[in-house]
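What follows is a single structure, written as C-alpha cells, with notes after it.
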Amino acid sequence: MKQSILTAVLCCLSLFSFGQTSEEIREEIKKDVWLPFMEAYDESDPEKLKSIHTKDIIRVIMEQGEIKTGESYLENFADFVATNRVGIAFAILSTSVDPNGELAYQNGYYRFSSKGENDDDLVIRGYGEFNVGLRKENGSWKIWLDSDKRTPISHEEFNSKKIVYKLIED
Numbered sequence: 046m047k048q049s050i051l052t053a054v055l056c057c058l059s060l061f062s063f064g065q066t067s068e069e070i071r072e073e074i075k076k077d078v079w080l081p082f083m084e085a086y087d088e089s090d091p092e093k094l095k096s097i098h099t100k101d102i103i104r105v106i107m108e109q110g111e112i113k114t115g116e117s118y119l120e121n122f123a124d125f126v127a128t129n130r131v132g133i134a135f136a137i138l139s140t141s142v143d144p145n146g147e148l149a150y151q152n153g154y155y156r157f158s159s160k161g162e163n164d165d166d167l168v169i170r171g172y173g174e175f176n177v178g179l180r181k182e183n184g185s186w187k188i189w190l191d192s193d194k195r196t197p198i199s200h201e202e203f204n205s206k207k208i209v210y211k212l213i214e215d
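In my numbering, the protein residues as written are 46 to 215.
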C-alpha cells in the first residue's frame, strides 16, 4: 500500500516538475515562430523567415493540390517576402501538443496585407485558414508542415478570436 501511494505521488510530482502547460508551450511557439514570422514579413527579411522553418518543411498548397518541400520551397517563399511589401497576422484557434512537448499542431486564420504602388500603407487583401505542424529543434519551435487556403471570414470575425497575434494594430 505504501509503495502504491509513493508511486502515485512520484508520478504526480514528475508531471508537475517536468511537464509544461499548454499555455507555456503556446507562448514559446508565439515567441519562436509567430512573432518572427510577422517580423519577417514586416521587415522583408528572407533569412528570418527561413529560420523558423525546418529544412525538411512540407508545404501543402490546398487550393492547387500541390505539395512543395525543403530548401527549394523555402527559397521561393523567402524570395517572395524579400521582394514584396507584405504583412500578416494570425488568429490561433487550437493548439495540440504531444506528451513529450516536442511536437505541436496549430490551426487558425491568417490575415494577409500588402502595399500596392498607389497605397500609402498596407491594405488588407484577404483571409485564409491554416494548419501547421511544429517541432522543437535545438530548443526552438519550427514549422515542419504548413498548409493553408483562402477563407471568406470577415475582419470582425478574425479580430473576435481569443488569440490574435499582430504587429500592426488596425
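Just so it is clear, CB atoms sit at the ideal spot from N, CA and C, and this is done for glycine as well. These figures come from a predicted structure and were not determined experimentally.
- Of the candidates G178, S67, G115, K75, K75 places its Cα closest to the Cα of K211.
- In this structure, the straight-line span from the alpha carbon of A123 to that of W79 is close to 16 Å.
- Looking from the CA of Y172, the closest CA among Y155, R71, G184 belongs to Y155.
- The Cβ atoms of I106 and K95 lie no closer than 8 Å to each other.
- Look at the beta carbons and you see the stretch 127 to 134 touching the stretch 146 to 161: at least three pairs across the two are nearer than 8 Å.
- Shortest Cα-Cα distance from T99 to any of D90, I188, E202, F125 involves I188.
- Counted as a single uninterrupted DSSP element, the beta strand (DSSP E) harbouring G153 occupies residues 148 to 159.
- According to DSSP, residue pairing for S139 in a beta bridge involves N152.
- The residues I102, R104, in chain order, have a CB closer than 8 Å to that of Y118 in the same chain once the five nearest residues on each side in sequence are set aside.
- As DSSP reads the structure, L179 sits in a beta bridge with A149, I188.
- By alpha-carbon distance to F125, the top candidate from L138, S89, F203 is S89.
- By the C-beta density criterion, V177 is buried, having at least 16 other C-beta atoms within 10 angstroms.
- With fewer than 16 other Cβ atoms inside 10 Å of its own Cβ, V168 counts as exposed.
- In the DSSP assignment, E111 falls within the beta strand (DSSP E) that extends over 111 to 114.
- According to DSSP, residue pairing for V209 in a beta bridge involves A136.
- Counted as a single uninterrupted DSSP element, the alpha helix (DSSP H) harbouring I70 occupies residues 67 to 74.
- At the C-beta level, S185 and D87 stay beyond 8 Å of one another.
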